[in-house]
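*Asks:*
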Amino acid sequence: MNATEDPNPSFEIDADVRLARTPPASLYTDRGTHARIRERVLASGWSLLLEPDPHSALDVVPCSVAGEPTVWVRRGAEERLLSNVCTHRAALLVDAPCNVDVLRCPYHGRRFRLDGSVLTAPGFDGALGPEDALPSLALGAAGILRFGAVAPRVPFAEWWAPVDEALRDSGLELAALVRDSTGDIDYPIEAPWLLYLENYLEAFHIPFVHPELSKTLALEDYAHALLPHGTLQVGVAREGQPAFEPTTGRYAGQRVGAWWFWLWPATLVNIYPWGVSMNRIDDAGFGRSVVRYRAWIWDASLRNVGAGGALDVVEAQDQSVALRAWAGLQSALYRRGRYSPTQESGLHHFHRMLAVALGSSRPLGVELR
Ligand code: FES
Ligand SMILES: [Fe+2]
Numbered sequence: 043m044n045a046t047e048d049p050n051p052s053f054e055i056d057a058d059v060r061l062a063r064t065p066p067a068s069l070y071t072d073r074g075t076h077a078r079i080r081e082r083v084l085a086s087g088w089s090l091l092l093e094p095d096p097h098s099a100l101d102v103v104p105c106s107v108a109g110e111p112t113v114w115v116r117r118g119a120e121e122r123l124l125s126n127v128c129t130h131r132a133a134l135l136v137d138a139p140c141n142v143d144v145l146r147c148p149y150h151g152r153r154f155r156l157d158g159s160v161l162t163a164p165g166f167d168g169a170l171g172p173e174d175a176l177p178s179l180a181l182g183a184a185g186i187l188r189f190g191a192v193a194p195r196v197p198f199a200e201w202w203a204p205v206d207e208a209l210r211d212s213g214l215e216l217a218a219l220v221r222d223s224t225g226d227i228d229y230p231i232e233a234p235w236l237l238y239l240e241n242y243l244e245a246f247h248i249p250f251v252h253p254e255l256s257k258t259l260a261l262e263d264y265a266h267a268l269l270p271h272g273t274l275q276v277g278v279a280r281e282g283q284p285a286f287e288p289t290t291g292r293y294a295g296q297r298v299g300a301w302w303f304w305l306w307p308a309t310l311v312n313i314y315p316w317g318v319s320m321n322r323i324d325d326a327g328f329g330r331s332v333v334r335y336r337a338w339i340w341d342a343s344l345r346n347v348g349a350g351g352a353l354d355v356v357e358a359q360d361q362s363v364a365l366r367a368w369a370g371l372q373s374a375l376y377r378r379g380r381y382s383p384t385q386e387s388g389l390h391h392f393h394r395m396l397a398v399a400l401g402s403s404r405p406l407g408v409e410l411r
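Position in the sequence shown (first residue = 1) + 42 = the numbering used here.
1. Looking only at its own chain, which residues have a Cβ that is under 8 Å from the Cβ of residue 388, when we skip the five neighbours before and after it?
2. Let me check you understand the geometry: is the CB of residue 266 closer than 7 Å to at least one non-hydrogen atom of ligand 2?
3. Are residue 211 and residue 162 touching if we call contact CB-CB under 8 Å?
4. Three or more C-beta pairs under 8 Å: does that hold for the segment 117 to 126 against the segment 197 to 217?
5. Taking 7 Å as the cut-off, is the C-beta of residue 228 nearer than that to any heavy atom in ligand 2?
6. Inspect the CB distances between the segment 352 to 366 and the segment 227 to 242 and report whether three or more fall short of 8 Å.
7. Tell me whether residue 360, by its Cβ, gets closer than 7 Å to a heavy atom of ligand 2.
8. List in chain order the residues whose CB is within less than 5 Å of at least one heavy atom of ligand 1.
9. Could you round the C-beta distance between residue 191 and residue 87 to whole angstroms and report it? I think they count as a contact, below 8 Å.
10. Can you tell me whether residue 377 is buried or exposed, with buried defined as 16 or more other CB within 10 angstroms of its CB?
11. Taking 7 Å as the limit between beta carbons, can you name the residues of its chain near residue 397, skipping five residues before and five after?
12. Would you kindly report the start and end of the unbroken beta strand (DSSP E) that includes residue 272?
13. With a Cβ-Cβ cutoff of 8 Å, do residue 125 and residue 176 count as a contact?
14. Pull up the DSSP beta-bridge partners for residue 230, would you.
15. Taking the beta carbon of residue 319 as the centre, do at least 16 other beta carbons fall within 10 Å, making it buried, or is it exposed?
16. From which residue to which residue does the beta strand (DSSP E) around residue 317 run?
17. So what does DSSP say about residue 114, is it helix, strand or coil?
18. For the segment 290 to 299 against the segment 66 to 86, are there 3 or more C-beta pairs whose distance is under 8 Å?
19. How about the segment 107 to 114 and the segment 90 to 99: do they share at least three Cβ pairs that are nearer than 8 Å?
Right, dumping it as structure tokens:
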């Protein structure tokens with residue numbers, strides 16, 4: 043049977059990476075599975091809010107979380123993330139960043155306070171209830187970064203904790219970062235977001251796909267760690283390349299050229315000596331995705347050197363392999379692959395988490411909580 047004919051693929055990922063097989067092709071090629079992934083995976087996690095900037099004077103900023111139209115609002119020190127969809131007949135409320143005290147629906151004039159409650163609703167005298175308020179979403183903050191989630195499976199602080207730890211060990215401060223919008227790039231990719239992420243999760247491909255990047259990293263010292271809600275890959279810098287020198291923690295005494303975090307489900311946090319580059323991988327419909335780059339800077343003079351330099355070249359190389367795998371997944375002859383036990387444990391970890399989230403597998407053992 044062609045893998046695309048499987049209406050309800052389920053898969054287990056063996057806990058032993060040496061025995062495990064990768065997910066079936068239908069994980070990527072089945073439209074029903076795509077819908078389930080949106081619902082059970084993307085809506086379950088935190089993602090970066092691209093637009094709100096707490097340093098800006100604008101208090102009402104439309105944004106999105108896992109495909110949901112949302113609006114970040116601030117009143118004094120209080121911030122919220124609300125649905126940007128009118129509770130009457132679903133018109134979008136706010137189109138552009140602004141400073142207003144009330145959100146007014148352009149369709150039939152319903153007005154909402156910045157806590158989401160209804161202020162006035164023409165034509166609805168005595169016919170409104172609490173369900174007419176705008177739903178609130180979960181909002182998380184780290185320094186000047188803001189994150190949102192529809193139905194987060196873990197509290198924000200727990201999800202973000204490994205990043206905080208790496209920053210602390212390296213003596214770095216999120217508060218010292220300055221937003222650099224010259225690095226804002228959105229890359230549409232004609233392949234599922236899963237394939238883009240999977241490529242990020244292993245360094246196995248680096249010598250084959252990224253000859254320029256290979257020169258800046260001591261690949262023999264490349265380290266990685268499995269986290270309860272993600273993975274960390276550590277690029278050890280070659281002599282003469284810019285590096286962090288953590289004084290505490292697991293990597294104390296090493297010269298770290300890059301911390302590369304993946305956080306469930308689709309957030310990449312790349313920490314370089316010059317600053318932080320974050321990527322949000324958005325699902326853009328079946329077989330399509332958009333990778334959105336945003337950057338914050340500590341030291342602009344280091345911007346184009348070391349493991350964090352030449353990012354556009356590396357990006358093009360990564361996208362080309364995602365497209366190549368997407369083309370190959372259409373083949374009726376491809377079923378399931380295997381993991382390199384020494385090179386693909388991060389990918390294996392992600393697939394095990396994915397199988398649990400999709401209800402294909404029992405929860406992971408306590409060692410991964
Ligand atoms: S859709 Fe908003 S008031 Fe009707
Ligand atoms: Fe890559």
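The beta-carbon is built from N, C-alpha and C at its ideal position, and this holds for glycine as well. Source: prediction; values computed, not measured.
*Replies:* On the basis of the coordinates in this document:
1. The residues are 243, 244, 266, 268, 273, 275 and 304.
2. False, no ligand heavy atom lies under 7 Å from that Cβ.
3. No, these two residues do not count as a Cβ contact at 8 Å.
4. Contact check between the segment 117 to 126 and the segment 197 to 217: fewer than three CB pairs, one atom from each, fall below 8 Å, which does not count as touching.
5. Flag unset: Cβ of residue 228 not near ligand 2.
6. In short, these stretches touch, since the Cβ pair count reaches three.
7. Taking 7 Å as the cut-off, one finds at least one heavy atom of ligand 2 near enough to the beta carbon of residue 360.
8. Having a Cβ closer than 5 Å to some heavy atom of ligand 1 are 128, 130, 131, 133, 147, 149, 150 and 152.
9. Confirmed, about 6 Å.
10. With fewer than 16 other Cβ atoms within 10 Å, it is exposed.
11. Closer than 7 Å at Cβ, skipping near neighbours: 53, 54, 55 and 403.
12. Membership of residue 272 in the beta strand (DSSP E) is indicated by the continuous run 272 to 278.
13. Yes, the Cβ-Cβ distance between residue 125 and residue 176 is below 8 Å.
14. DSSP output for residue 230 lists 332 as bridge partner(s).
15. Residue 319 comes out buried.
16. Residues 317 to 325.
17. Residue 114 falls in the strand class under three-state DSSP.
18. Touching, no.
19. Touching, yes.
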